[in-house]
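See structure below.
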Amino acid sequence: MQFQVIGYWGGYPGPGSATAGYLLEHDGEQLLLDCGSGVLSRLPYFTQPERLQAVLLSHYHYDHIADLGVLQYALLVQQQLGNGNGVLPIYAPNHDEEAFQRLQRPNITQAFPLLPDKKEQIGLFQVEVLPTQHPEYCLAMRIATSEATIVYTADTAFFPKLVDFAADADLLVAECSFYGGMDAQAYGGHMNSYDVGRLAAEARVGSLLLTHLPHFGQHDQLLEEAAEHFTGPIALAREGWRWEAR
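Under the numbering used here, the residue at position 144 of the sequence shown is numbered 1455, and the numbers go up by one with no gaps.
Here it is as structure tokens:
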């Protein structure tokens, strides 16, 4: 299984980059994980929209879904050019019926609910979800193949169930919106670098990727602070960052 970063900013994209967007690939099958602002402008460097087997959405904040409508237009245009690959499934929370129904586009995309306590088989990927601690209903995801397991926290504060959910993952992709001395929970259900390092250590993960990065401070400080708690490999998300199961 391969994992690549398309977008990594929290809130809004930096110049020439994107907010949340990640590409997973296994034996030729591709999943897009979140589709934030700027993702569609960066996606052609990694794959083409019509090659995707499915999209997974963690929640409906714009920095995670802003380019979804643009993706639907791209698929429509490619269909008109004869390059379509059928209807694209979009898996997402269904607690907000209006938002969920906007994922539906006849002959373009079809929405399917992601439900806690239910394992979803999406092609070669097995997906489990856990509601996080965030003002908008949000789902952390545990995505496994025969080769490896990746856990994506999406947006969340630290809470004990997240440790069990992430246990023994080969790669933990964790939001790191704030620096160690800041009260991340006070800003709407997020984690700081100490929270992330603690989560990785207690969950005994193989490697840690810090993402959903802030637009202030020096990001290397996030690495140093997370490393005070987690002694395994740690990286900062950047466009094109790649991880592959060994």
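The C-beta atom is built at its ideal place from N, Cα and C for all residues, glycine as well.
Between the options, which has its C-alpha nearest residue i's C-alpha?
i            : options                   : result
residue 1507 : 1471, 1550 and 1348       : 1471
residue 1492 : 1481, 1414, 1504 and 1390 : 1504
residue 1519 : 1501, 1479, 1526 and 1550 : 1479
residue 1403 : 1396, 1412 and 1320       : 1412
residue 1410 : 1370, 1397 and 1398       : 1370
residue 1453 : 1447, 1481 and 1385       : 1481
residue 1431 : 1357, 1445, 1455 and 1408 : 1455
residue 1466 : 1316, 1423, 1322 and 1317 : 1322
residue 1525 : 1315, 1320 and 1316       : 1320
residue 1473 : 1436, 1552, 1376 and 1449 : 1449
residue 1428 : 1325, 1407, 1451 and 1374 : 1451
residue 1358 : 1437, 1380 and 1385       : 1385
residue 1446 : 1557, 1544, 1501 and 1528 : 1501
residue 1407 : 1422, 1398 and 1396       : 1422
Output the boundary residues of the alpha helix (DSSP H) element that contains residue i.
i            : result
residue 1488 : Note, residue 1488: premise wrong, no alpha helix (DSSP H); not H, not E.
residue 1511 : 1504-1514
residue 1474 : 1471-1477
residue 1535 : 1530-1537
Less than 6 Å between C-beta atoms, sequence neighbours within five positions excluded: which residues of the same chain meet that for residue i?
i            : result
residue 1483 : 1462, 1477, 1511, 1516 and 1519
residue 1313 : 1336 and 1555
residue 1424 : 1405
residue 1464 : 1451, 1485 and 1486
residue 1394 : 1361
residue 1379 : 1346
Ends of the beta strand (DSSP E) at residue i?
i            : result
residue 1436 : 1436-1442
residue 1521 : 1518-1522
residue 1553 : 1553-1555
residue 1462 : 1460-1463
Does residue i get closer than 7 Å to chain C when you measure Cβ to Cβ?
i            : result
residue 1315 : Within the model displayed, chain C is absent; a lone protein chain is all it includes.
Among the residues of its own chain, which have a CB less than 8 Å from the CB of residue i, if the five just before and after it don't count?
i            : result
residue 1433 : 1342, 1364, 1365, 1367, 1400 and 1402
Among the residues of its own chain, which have a CB less than 7 Å from the CB of residue i, if the five just before and after it don't count?
i            : result
residue 1383 : 1416, 1419 and 1420
residue 1354 : 1317 and 1360
residue 1338 : 1435
Practice task
Answer yes if the segment 1491-1506 comes into contact with the segment 1453-1460, meaning at least three C-beta pairs across the two stretches below 8 Å, and no otherwise.
Solution key: no
Problem - the segment 1337-1349 in contact with the segment 1313-1329 per 3-pair CB rule at 8 Å - result: Taking one beta carbon from each stretch, the segment 1337-1349 and the segment 1313-1329 have 3 or more pairs nearer than 8 Å; the two touch.
Practice task
Please specify which runs of the beta strand (DSSP E), each continuous and at least 3 residues long, are wholly inside the segment 1317-1378, giving them in chain order.
Solution key: You should have 1332-1337, 1340-1344 and 1365-1367.
Problem - Touching by the beta-carbon criterion (3+ pairs, under 8 Å), the segment 1353-1366 and the segment 1440-1459 - result: no
Handout entry: Stretch pair the segment 1508-1516 + the segment 1530-1548: three plus CB contacts closer than 8 Å
Key = yes
Handout entry: Unbroken stretches of the alpha helix (DSSP H), 4 residues or longer, contained in the segment 1400-1455
Key = Taking 4 residues as the shortest admissible run, the segment 1400-1455 contains the following complete alpha helix (DSSP H) segments, listed from N- to C-terminal end: 1408-1412.
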